[in-house]
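Enquirer:
Number of protein chains: 2
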Amino acid sequence: MSHAGRPRKPSTDQDILRAVAELITERGYPRVTIDEVVERAGTNKPAFYRRFRSLTDVVPRLLASRHGTDEDIDTGTIVGDLVEVQRRQRRLFTDPVVTRGFAGWLADIDAHPERGASFLAEYLGPRRAYTQVILDRAAARGEIAEGADPGWIADLLTGPLIMHVVMPGLAPVDSVLVARSVHAALDALGYRGDRSIVDLEGAVSEQRSGAPDVG
Amino acid sequence: MSHAGRPRKPSTDQDILRAVAELITERGYPRVTIDEVVERAGTNKPAFYRRFRSLTDVVPRLLASRHGTDEDIDTGTIVGDLVEVQRRQRRLFTDPVVTRGFAGWLADIDAHPERGASFLAEYLGPRRAYTQVILDRAAARGEIAEGADPGWIADLLTGPLIMHVVMPGLAPVDSVLVARSVHAALDALGYRGDRSIVDLEGAVSEQRSGAPDVG
DNA sequence: TCATAATGTTACCAATAGTAACGTAAATAT
DNA sequence: ATATTTACGTTACTATTGGTAACATTATGA
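Quick mapping for you: the protein sequence lines, in order, are chains A and B.
If you read the first sequence in my numbering, its first letter stands for residue 7, the second for the next number, and so on.
If you read the second sequence in my numbering, its first letter stands for residue 7, the second for the next number, and so on.
#1: For Arg14 of chain A and chain B, any beta-carbon pair shorter than 7 Å?
#2: Consult DSSP for Phe58 of chain B and reduce its assignment to one of helix, strand or coil.
#3: In chain order, what residues of the same chain have a beta carbon less than 8 Å from the beta carbon of Glu158 of chain A, not counting five sequence neighbours either side?
#4: Any residues in the region 46 to 64 of chain B with a beta carbon nearer than 7 Å to a beta carbon of chain A? Which ones, in chain order?
#5: At which residue ranges does the region 18 to 52 of chain B contain complete alpha helix (DSSP H) runs of 4 or more residues, listed in the order of the chain?
#6: Could you check if Leu206 of chain A is buried or exposed, using at least 16 other CB atoms within 10 Å of its CB as the buried criterion?
#7: Output the distance between the C-alpha atoms of Glu90 of chain A and Arg59 of chain B, rounded to the nearest integer angstrom.
#8: For the alpha helix (DSSP H) containing Ala127 of chain A, list its first residue and its last residue.
#9: Return the residue from the list A:Thr49, A:Gly34, A:Ala144, A:Asp63 that minimises the CA-CA distance to Asp87 of chain A.
#10: Counting only beta-carbon atoms, is Arg186 of chain A nearer than 7 Å to chain B?
#11: Excluding the five sequence neighbours on either side, which residues of its own chain have a C-beta within less than 6 Å of the C-beta of Arg96 of chain A, listed in chain order?
#12: Can you check whether the CB of Phe125 of chain B is closer than 7 Å to the CB of Pro66 of chain B?
#13: Out of A:Val43, A:Ala151, A:Ala10, A:Tyr136, point me to the one whose CA is closest to Asp21 of chain A's CA.
#14: For the region 162 to 175 of chain A against the region 161 to 170 of chain B, do three or more pairs of beta-carbon atoms, one drawn from each stretch, fall closer than 8 Å, so that the two count as touching?
#15: Pick from B:Leu61, B:Arg93, B:Ala127: whose alpha carbon is nearest that of Ile30 of chain B?
#16: Taking three-plus beta-carbon pairs below 8 Å as touching, is the region 66 to 80 of chain B in contact with the region 96 to 115 of chain B?
#17: Have a look at Pro174 of chain B and Thr81 of chain B and give me their C-alpha separation to the nearest angstrom.
#18: According to DSSP, is Ile84 of chain A part of a helix, a strand, or is it coil?
#19: Enumerate in chain order the residues of its own chain whose CB-to-CB distance from Ala47 of chain B is below 6 Å, with the five nearest sequence positions on each side excluded.
#20: Taking buried to mean at least 16 other C-beta atoms within 10 Å of its own C-beta, is Glu149 of chain B buried or exposed?
#21: Are the beta-carbon atoms of Val64 of chain B and Leu112 of chain A separated by less than 7 Å?
#22: Label Gly74 of chain B either buried or exposed according to how many other C-beta atoms from any shown protein chain fall within 10 Å of its C-beta, with 16 as the threshold for buried.
#23: Quick one: does Val172 of chain A have its CB under 7 Å from some CB of chain B?
#24: Should Arg186 of chain A go down as buried or exposed, given a rule of 16 or more other Cβ atoms within 10 Å for buried?
#25: Using a threshold of 7 Å, state whether the C-beta atoms of Pro156 of chain B and Thr137 of chain B are closer than that.
#26: Please confirm if Asp219 of chain B has its CB atom under 7 Å from at least one CB of chain A.
#27: Identify, in the order they occur along the chain, each residue of the same chain with its Cβ nearer than 8 Å to the Cβ of Arg134 of chain A, setting aside the five sequence neighbours on each side.
#28: First and last residue of the alpha helix (DSSP H) that includes Arg106 of chain B?
#29: Could you check whether Ala154 of chain A and Leu141 of chain A sit closer than 7 Å to each other, using their CB atoms as the reference points?
#30: Go through its chain and collect everything with a Cβ distance to Pro16 of chain B's Cβ below 8 Å, but skip five positions before and after it.
#31: Report back the beta-carbon spacing between Ile115 of chain B and Arg106 of chain B to the nearest angstrom; my notes put them in contact at under 8 Å.
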């Protein structure tokens, strides 16, 4: 099947992804150059440009390979579902590729919108849509009222995390932050049931670590 | 006074700031070049580099000139104070210099931390600290309990706004978003008093405009 | 065996950040 | 007045970078 002609060396794709991840982690997105990427990947510029149109195109592939295999969430309670959503978001937003690469990548696709279309359709959209699924099930169980705006709930769950990722001087995304954001979402939903699992799983009891806040 | 020697032409500073603001608005931060900046400002590269170490250094000056003259906030109620905070934040986060420039600038200072130190000390820090002042006064009035974490309240007020600024496909920061964020902050503070001013001033009744959300 | 397409190397172009050199102009200090 | 100091604006330059072109070579499918 596939096509005629010499096939691409499969390892080169992985080598490039690994090299980009390392360089973003070490230097931050704006300092990553293609020359360094291909050197560290043990390949060359033409091979790179046969696979990707630009560095910007690599990042979605990188995120998919590291965080793209999410299974469905259905713990049976709204609290459990939101805790699980945030557990995954915490993992995403503490990945150094994200903490040091996301802002620069977002700026790139703002300046070159065509490069971000696929990310929007394949990554962002489904994740925001999934909040809707969780809220619909919770409403069907009678845990919350119908009619909540899933977009706003997603904002509450993700906004504070993104803020801590992109703003300098703020503590990394930690268990305290995700637990608080779940509480805020539950408040916005008017949820009045048991929340003990939030602090057990989210672990508010853990000490906040790392850099202190600015304010 | 000052020093000996020919003084800098004062208009050049303003011309550069204006040119950078225009180019960020038109093209997005990553596509702004120094050559274009100085051409549009009617000056030249040496004059630019006598004033700024890099493009990254211009942005804080730009923000200060557009949003730096904040007067103190003291409306007499916690609700009024938070509404006013968010009114200003809405103005900030709908400025095209911010919506098209902030992510790229944040990425730059992540990669070159020394360039962001002054912004952190002079802009971010004081704003987060101001939340503390507002909460302390509210606690002294008995509107809320003591001991609230002003960092978390600031996260709730600013996180969703930043998210809508940097994530592609989300609606611009509007009155609905700021009103909701004030409600979330009041919920987190356990505030049980009158909130009618939130929806009057924040105007939840306004229709949401512009691009719809992705999810 | 032939067509196809990727391999890796070398070389190249165009755009860009940032600096150097330099004669000129405008301020202060004596 | 004169000397000193510093910004002015022009030209030119270096180094880095993104991105392509050309090319001989190698691996696959038909």
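Glycine is no exception: its CB is placed at the ideal position from the N, C-alpha and C atoms.
Expert: Looking at the coordinates:
#1: no
#2: coil
#3: As written in the sequence, residue 158 of chain A is Trp, which differs from the Glu given in the question. Here the set comprises Ala194.
#4: none
#5: 40 to 47
#6: exposed
#7: A direct Cα-to-Cα measurement between Glu90 of chain A and Arg59 of chain B gives close to 45 Å.
#8: Taken as a continuous stretch (DSSP letters only), Ala127 of chain A belongs to no alpha helix (DSSP H), as it is neither H nor E.
#9: A:Ala144
#10: yes
#11: Within the same chain, Arg96 of chain A has close Cβ partners Val179, Val184.
#12: yes
#13: A:Val43
#14: yes
#15: B:Leu61
#16: Counting Cβ pairs under 8 Å, three or more are found: they touch.
#17: Distance between the alpha carbons of Pro174 of chain B and Thr81 of chain B is about 35 Å.
#18: Ile84 of chain A sits in a helix when the DSSP states are folded into three classes.
#19: Answer for Ala47 of chain B: Asp21, Ile22, Ala25, listed in chain order.
#20: Answer is buried; the Cβ neighbour count reaches 16.
#21: Pairing Val64 of chain B with Leu112 of chain A gives a Cβ-Cβ distance that is not under 7 Å.
#22: exposed
#23: Closer than 7 Å to some Cβ of chain B, the Cβ of Val172 of chain A qualifies, so yes.
#24: buried
#25: yes
#26: Its pLDDT being 45, under 50, Asp219 of chain B is placed unreliably by the model, and nothing is read from it.
#27: Pro156, Gly157, Ala160
#28: Where Arg106 of chain B is concerned, the enclosing alpha helix (DSSP H) stretches over 102 to 117.
#29: yes
#30: none
#31: Wrong, their Cβ atoms sit about 17 Å apart, outside the cutoff.
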